[in-house]
Amino acid sequence: MTIRPALFLTALTTCSLLAQAAAADPRAQIRGDMDVELRRMLERAVGEVDGPPESRFDARRRARGAVSAAEALLRSEAYYQPVVEDIVEGEERPTAIVSVEPGRRFVLTPPTISWIDPAPDAEAAEDARAAIGLKAGDPGRAVDVIAAEGRIVARLVRDGYADAKADPRRVVVDHAAFTVAPEYRIVSGRPVLLDGVLMPRPGRTNQAWVAALAPWREGDRYDPDKVGELERRLLDTGVYDGVGVALAPPEQTTAEGLRPVIVTLQDRPRRVLEAGATWATKEGAGVDFIWTRYNRFGRADTLALETRFARLDSRIGADLSLPHWRKPGRTLKLSAGVVKEDTDAYERTALVLAAELQQRIGRTSYFNYGIGLDAGQYRENRYDYTSVPPSAVSFDRDLAIVTGRTSAYIDNSNDPLNPTRGWRVTASVQPTAVAGEDTVLFLRNEAQATAYLPLQDQARTVLAGRLRLGAIIGGGELSVPSDRLFYSGGGGSVRGYSYQGVNPQLPDQTPRGGLSLFETSLEVRHDIGQSFQAVAFVDAGAVGFQETPNFSNMRYGAGVGVRYKLPFGPIRADVAIPLDKREGDSAFQVYISIGQAF
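So for the sequence shown, my numbering puts the first residue at 211; every next one is plus one.
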């Protein structure tokens, strides 16, 4: 009973393989003396058919069709004097054959350009000639001749001749000299001078604001890169479903000889309501609600009202983003909110205000600078380790904290949501002044680097790594507010431990905040089908009590996870265990959220 199914599957597989082999017959065999690459090209041009010919007549028909395909390929590759013959061999099992003698390959003479009046200026004409990219003695391949024509027109457009085009070219094939002489007939038109921005349907956006984003001045020569930069600046705001930026047609040229640039904007819905949720074994569940209004002030602004309810961190607040604030690529961000944090290490209720400027560098990198003000009440349980024996210290402090917010983010990865190659670096330096019931000045520094390496074709398997370092300079463990100390553990740092669970614990089981931090992670991500991804990972971290990171209390976690890929990013579910479990640590931790761990 077990043999017959196996025999059936074997027979089915064999028949399938034989059918595939039969379907892969060439239309005709290629014979002749030629280099390997040309033979492969001819075989591809001739193509394949379903099965061998049924008769000599069928074989002859196939051979003649293959001859036509071979001759076309040879001409395109500059073999203009080939000898190509169709042959049929065999009686009972006829075979279609194409005999090919390529002959001598024709070569290019120096290409020329004939300008159709008016001719471009001397500099643009020289740029166009340099863009041809062909030289005498090169093979006279048709594809190269055609591509050179496109490069000429593209170069003229980059030099400001936006209406440049090519008339039918003239190519002379000299069979006696074995040469191909291309002559390009180019209409350059006149150089285009730019006007301002024209918006047929401005919608909710102020046209004067859009015009101020244009990276050219009235009367500047047309530059497609500058027009493309305006499109990118509008897309960067994130408030439009569609952006179109294009040069106006010639008939819209002004009396001064200027051409406007037409901008079309497709607005996103005016208001959007979003909801999100997270859950972890020890940290519990959390929900977020965000109400966003776009383009309230007609300058691609975003106003977001956020409410979060979670056991560890609840807040209500507002964020206003004003892109291209007084300078293209610079965004002003204002935020205000009330925060309630209830962690194992401290309790905090505070009013939080911040203002910062973000300057874009390239497409996805940026740096920030600004200021933040936190004012509120802290409840902290600490131990004074300078006393003998160490004694418990409790703080109920009303503090005002002013922080200089300086950071940079450099992204050299290939995808912002699910990177498979490249690297990212984040660094922040925060000079901080504390006033109120205590006064202290300190400098909080933090940096993180991540890297992504594909291990298979199409990045089906990716090796991802992360390194994070932190240090507080100038403050003591007891004087620095608890929320500014370093903690480690949880879904975004060392998995397998609860939030703040990597930190050494005080005698009352409170996590001890540190003055330095070290974390590292290594993940292997492997795609399963189109929508799923399996992940295996190892994390490690240590919190120190000096200004420089140390490794005296390293903690390690490991686990596996699954990702379900969606257009906006993967949904993540991880299960991790602590490799050096201490008393009070859970046997495992489960993390569910949106996005990769790093």
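The beta-carbon is built from N, C-alpha and C at its ideal position, and this holds for glycine as well.
Whole angstroms is fine: what's the gap from residue i's alpha carbon to residue j's?
i: serine 278; j: leucine 468; result: 52 Å
i: glutamate 281; j: glutamate 295; result: 10 Å
i: leucine 563; j: glutamine 666; result: 47 Å
i: threonine 553; j: glutamine 715; result: 13 Å
i: threonine 488; j: isoleucine 781; result: 11 Å
i: valine 672; j: valine 734; result: 6 Å
i: phenylalanine 808; j: alanine 674; result: 8 Å
i: valine 310; j: alanine 288; result: 14 Å
i: aspartate 369; j: aspartate 430; result: 11 Å
i: alanine 306; j: glycine 257; result: 13 Å
i: arginine 540; j: arginine 694; result: 28 Å
i: arginine 607; j: valine 650; result: 13 Å
i: glycine 794; j: aspartate 718; result: 12 Å
i: glutamate 687; j: alanine 421; result: 53 Å
i: glutamate 333; j: valine 381; result: 26 Å
i: aspartate 648; j: aspartate 451; result: 50 Å
i: glutamine 806; j: leucine 440; result: 32 Å
i: glycine 680; j: arginine 765; result: 16 Å
i: alanine 231; j: methionine 244; result: Residue confidence for alanine 231 is low, a pLDDT of 43 falling below 50, so the modelled location carries little weight and cannot support an answer.
i: alanine 797; j: arginine 525; result: 31 Å
i: proline 410; j: glutamate 461; result: 16 Å
i: threonine 319; j: alanine 387; result: 10 Å
i: glutamate 247; j: threonine 322; result: 30 Å
Looking only at its own chain, which residues have a Cβ that is under 7 Å from the Cβ of residue i, when we skip the five neighbours before and after it?
i: serine 698; result: Val704, Val712, Asn713, Leu727, Glu729, Gly751 and Val753
i: proline 304; result: Pro263, Ser265, Arg266, Ala269 and Val298
i: isoleucine 738; result: Ala744
i: glutamine 476; result: Tyr450, Asp451 and Gly452
i: alanine 367; result: Checking the displayed sequence, the identity of residue 367 turns out to be valine instead of alanine. Around valine 367: Ala374 and Pro434.
Since residue i and residue j are thought to touch, with beta carbons under 8 Å apart, how far apart are those beta carbons, to the nearest angstrom?
i: asparagine 628; j: glycine 779; result: 7 Å
i: glycine 706; j: isoleucine 787; result: 5 Å
i: glycine 767; j: leucine 789; result: 6 Å
i: glutamate 484; j: isoleucine 472; result: That pair is no contact at about 33 Å.
i: tyrosine 371; j: proline 401; result: 6 Å
Pull up the DSSP beta-bridge partners for residue i, would you.
i: tryptophan 489; result: Ala495 and Ile802
i: glutamate 439; result: Glutamate 439 pairs with nothing; no bridge assigned.
i: lysine 550; result: Ser524 and Thr559
i: asparagine 591; result: Ser604
i: tryptophan 325; result: Ile396
i: glutamate 299; result: Thr305
i: glutamine 239; result: Ile307
i: tryptophan 633; result: Ala661
i: tyrosine 707; result: Partner(s): none; tyrosine 707 has no beta bridge.
For residue i, I'd like the list of residues in its chain whose CB is within less than 6 Å of its CB, leaving aside the five on either flank, ordered along the chain.
i: alanine 618; result: Phe577 and Ala637
i: glycine 494; result: Arg521
i: glycine 582; result: Ala564, Thr613 and Arg615
i: leucine 227; result: Residue confidence for leucine 227 is low, a pLDDT of 41 falling below 50, so the modelled location carries little weight and cannot support an answer.
i: lysine 791; result: none
i: threonine 559; result: Lys550, Gly586 and Gln587
i: asparagine 763; result: Pro714 and Ala752
i: proline 661; result: The sequence as given places alanine at residue 661; proline does not occur at that position. Closer than 6 Å at the Cβ level, and outside the excluded window around alanine 661, lie Trp633 and Gly675.
i: alanine 610; result: Ala585, Ala645 and Gly646
In chain order, what residues of the same chain lie with their CB nearer than 8 Å to the CB of residue i, ignoring the 5 residues before and after it?
i: glycine 496; result: Ala487, Thr488, Trp489, Arg518, Phe519, Ala520, Arg521, Leu522 and Asp523
i: glutamine 710; result: Thr553, Asp554, Ala555, Tyr697, Ser698, Gly699, Gly700 and Pro721
i: aspartate 377; result: Ile326, Arg395, Ile396 and Val397
i: alanine 233; result: Bear in mind that a pLDDT of 47 at alanine 233, under 50, signals an unreliable position, so the model cannot answer this.
i: alanine 286; result: According to the sequence displayed, residue 286 carries serine and not alanine. The answer, listed in chain order, is Arg351, Ala352 and Val353.
i: glutamate 428; result: Leu404, Asp405, Gly406 and Leu468
Does chain C have any CB closer than 8 Å to the CB of residue i?
i: glycine 399; result: Absent here is chain C; the protein component of the structure consists of one chain.
For the pair the segment 541-552 and the segment 451-463, tell me if three or more CB-CB distances fall below 8 Å. At 8 Å Cβ cutoff, the stretches do not touch.
**Asked** Is the number of C-beta pairs between the segment 573-592 and the segment 653-660 that are closer than 8 Å three or more?
**Response** At 8 Å Cβ cutoff, the stretches do not touch.
Touching or not, the segment 317-327 and the segment 290-309, by the rule of three or more beta carbon pairs under 8 Å? They do not touch, by the three-pair rule.
Touching by the beta-carbon criterion (3+ pairs, under 8 Å), the segment 392-411 and the segment 496-516: Output reads no: the segment 496-516 does not touch the segment 392-411.
- Query: Is there contact between the segment 232-246 and the segment 256-275, where contact requires at least three CB pairs shorter than 8 Å?
  - Reply: Contact between the segment 232-246 and the segment 256-275 is established, with three or more Cβ pairs separated by less than 8 Å.
Checklist entry - Counting pairs of Cβ atoms below 8 Å between the segment 409-425 and the segment 336-352, do you hit three or more? => result These segments do not touch.
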